[in-house]
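Inspection log for the structure reproduced underneath, given as structure tokens.
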Amino acid sequence: MTAPPLQAFRTGDTPLPDIVILTHKLTRAYDMGGEVVRALQGVSLQIKKNEYVAVMGPSGSGKSTLMNLIGCLDTPTSGEYWLNAQKVSDLDDDALARIRNKEIGFVFQTFNLLPRATALHNVELPLIYAGHGARERRAQAVHALERVGLADRMQHRPNELSGGQRQRVAIARALVNEPSILLADEPTGNLDSTTSGEIMQVFAALHGQGQTIVMVTHEHDIAAHAARVVTLRDGLIATDQRQAA
Amino acid sequence: MPVFEAFRLALQTIRAQKLKSGFSLLGVFIGVASLIAAWSIVNGVNRYMTEKFAQTLYGVNTFQLRRRPMFAANVPDSVWRAWRRRPRIKFSDAEAVTAALTMPVVTAWQSDDNGSVFYGGKEARDIQLVAASERYFEIKNLRIAIGRPFTAQENRSGVPVAVLGDAVAKRLFVDRTPLERSVRIGGIGYRVIGVVEKQGSVLGFPLDRFVVVPAFAPAQSLVNPPGVVDALLVKARSEVEMREAMEVAEGVMRSRRHLRPNQDNNFVLDTSEGVQRFWAGISRILVVVLPGVVIVSLVIGGIVIMNIMLMSVAERTREIGLRKSLGARRRDVLRQFLAESAALATVGAAFGIVAGIGLTLLINAVSPLPASVSPASVVLGVIMGAGVGVIAGVYPASRAARLDPIAALRQE
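If you're matching them up, the sequences are chains A and B in order.
When you line the first sequence up against our numbering, it's residues 32 to 276, in that order.
When you line the second sequence up against our numbering, it's residues 21 to 432, in that order.
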């Protein structure tokens, strides 16, 4: 079943209020030593609140580039990107940092935890940059760790945790600021299938609590957990399908 | 990120990498330690000069009428030549000045030169031979350890008696008593009547290598032409009275020398201010040279810290990317690394201060230099240490702050 167009968006429009992510003719070109590589060639995509979307595609399809743009780590060459009814495609560096801090929770393939810090401190990191006080940070971080079922591992360092536990710490860190979207880049890429299943259960539970999730993966059985699968090919959306959960 | 958080994080990182941090601290450590030690020496010597040395050489509230100043730094040749052309102070000058001083003062004549003193087959070389009048001991605050000083009578009649400095007595007589023995100065025998208490040394110069004989004793001919004295020493009861006495002495000397009002004095009334000016001249040189050493080590320390920080930025590229993805702005990253390098340097400076104070105590204990720690140097040490850290951290930190988060996160 192909997803119906949510809104016929034209340049100059403002997205509807329940649209969390809206990209309009998004392109991104890189200058690789004089040769221009068009990683995205005009991606228009709308994601509603509480959607669970998997982005798939072979390597070189542009899914990482799209991920970076949605995550506000990069700015498009042309086109528009609206996040929560705010046009972010032409914000400056510091404003983007603020958006990343408040609106986006990243989950990486390699966890990216600070090795010398405890789970609790790792989860507190985004709150430090948000400027929260120490007591508030601690309370929120504890709550986030409880949500992923790691209440008893808060004082452990990453090397004292299993892969699945590390990824759950990373998810807690992504959730701690209550972001608009949870952006996961191959979240199970470094995990065995049992652990992958656990992480997918965590995602499903978060989705059930109302969390909007965008997940990049190349594994079909992982993508199968999402309610909607967007496939990219050569910098364009090839398919956009809803599926039964 | 608040500054406090940045410093907490910085100290954590330093603690986690003790060895590497230790090496990077070294430059600042040495710089600050040498700053404090050098400053302490200058400071200590300064105090010593003003408080003790000047008074040892001149005595309290004492001035000297001389042909030229006893101590002078950076004197041009032309001035020296002019000083040498000046008439000498004659016995008659000294007598006239003494007679004109109505306020209660103590006066003494003094002439001196270096020479040898013999006893039996032994020779004490390079001894200050002082031909002085009897109150010289009082003005110079030289207490007699054994025996007695010579009297006014002995001085007037030029009796060949001698009072020895402690070092001379030890050199010539070792453990035996020198009293009533005859030492030879310039081929003439002098009966030893006293030995002065040990004076110690200033800045490593021994103060006990002297012999005092009466001003009219035959040795006068060894140190000065007939009828000439090096200095008339005048000790007043207070500084005010000393100034008054100096005015009187100046008037007497000017009229004796027939100086017109527009002519400068061709003599000096030297006080301990003179020696303090002389020392100020030397300490200015120290103050110019010593900071050179300090600056060189701080610059090296800064370069080392900059390198360590650049390494640290390279090693932690991924961490920087992660922090940026979690919402760290450029200024947050900048602040984090600046805090780290400032903290590194400040810790180095703190160790440097401890070492500098230790060094000062050591110098005090084993060398004649009277070093004393100046609080200002400690404050300056901390400021310079932290300053070096911040300056050295600017380039690495700004490189970290400018990192592209995507590239940084991709790095292995």
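Glycine residues also receive a C-beta, built at the ideal position from the N, C-alpha and C atoms.
Keep in mind the model is a prediction, meaning the values are calculated, not measured.
Inset, instruction - Compare the C-beta of Pro-189/A with all C-beta atoms of chain B and state if any pair is closer than 8 Å. - result: no
Inset, instruction - Could you work out which residues of chain A lie near Gly-347/B, taking near to mean beta carbons separated by less than 7 Å? - result: Ala-128, Arg-129, Arg-131, Asn-132, Pro-157, Tyr-160 and Ala-161
Inset, instruction - Return the residue from the list Gln-198/A, Ala-205/A, Glu-250/A and Ile-253/A that minimises the CA-CA distance to Gln-242/A. - result: Ala-205/A
Legend entry - Opening and closing residue of the alpha helix (DSSP H) in which Glu-445/B lies: Residue numbering for chain B in the displayed model covers 21 to 432; residue 445/B lies beyond these limits and cannot be assessed.
Inset, instruction - List the residues of chain B whose Cβ lies closer than 8 Å to the Cβ of Asn-99/A, in chain order. - result: Ile-426
Legend entry - Within chain A, partners of Arg-350/B - CB distance below 7 Å: Asp-124 and Asp-125
Legend entry - Chain-order list of residues whose beta-carbon lies under 6 Å from that of Lys-94/A (same chain, five-residue window excluded): Val-86, Gly-88, Val-247 and Leu-263
Inset, instruction - Buried or exposed for Ala-170/A, please, with buried defined as at least 16 other CB atoms from any protein chain shown within 10 angstroms of its CB. - result: exposed
Inset, instruction - Determine whether the Cβ of Asn-81/A lies closer than 8 Å to any Cβ atom of chain B. - result: no
Inset, instruction - Could you tell me which chain B residues have their CB closer than 8 Å to the CB of Phe-137/A, listed as they occur along the chain? - result: Ser-345 and Leu-346
Legend entry - CB of Thr-226/A within 8 Å of CB of Gly-266/A, strictly: no
Inset, instruction - Answer yes or no: the CB of Phe-230/B versus the heavy atoms of the ligand SAM, is any distance below 7 Å? - result: The ligand SAM is not part of the structure shown, which contains no ligands of any sort.
Inset, instruction - Hey, could you find the ends of the alpha helix (DSSP H) Leu-55/B is sitting in? - result: 38-68
Inset, instruction - Measure the C-alpha to C-alpha separation of Val-99/B and Gln-130/B and round it to an integer number of angstroms. - result: 24 Å
Inset, instruction - Answer yes or no: does any C-beta atom of chain A fall closer than 8 Å to that of Glu-335/B? - result: no
Inset, instruction - State whether the stretch 35-54 of chain B contacts the stretch 358-369 of chain B, with contact taken as three or more CB pairs (one from each stretch) at a distance under 8 Å. - result: yes
Legend entry - Beta-carbon neighbours of Leu-342/B, restricted to chain A and to distances below 9 Å: Phe-137, Phe-139, Asn-143, Leu-144, Leu-145 and Leu-156
Inset, instruction - Express the C-alpha separation of Leu-306/B and Arg-351/B in angstroms, rounding to a whole number. - result: 42 Å
Legend entry - Cutoff 8 Å: Ala-36/B Cβ touching any chain A Cβ: yes
Legend entry - Interface flag, Glu-339/B vs chain A, CB-CB below 8 Å: yes
Legend entry - Inter-stretch contact at 8 Å, needing at least 3 Cβ pairs: the stretch 354-363 of chain B / the stretch 404-419 of chain B: yes
Inset, instruction - Quick one: give me the first and last residue of the alpha helix (DSSP H) that Pro-157/A is part of. - result: 150-161
Inset, instruction - Using a Cβ cut-off of 8 Å (strictly closer), state whether Glu-360/B contacts chain A. - result: no
Inset, instruction - Please classify Ala-269/B: is it buried, with 16 or more other beta-carbons within 10 angstroms of its beta-carbon, or exposed? - result: buried
Inset, instruction - Decide if Ser-224/A is buried, meaning its Cβ has at least 16 other Cβ atoms within 10 Å, or exposed. - result: exposed
Legend entry - Residue ranges of each alpha helix (DSSP H) within the stretch 87-132 of chain B, 4 or longer: 97-105 and 111-120
Legend entry - CB contact below 8 Å: Asp-105/A versus chain B: yes
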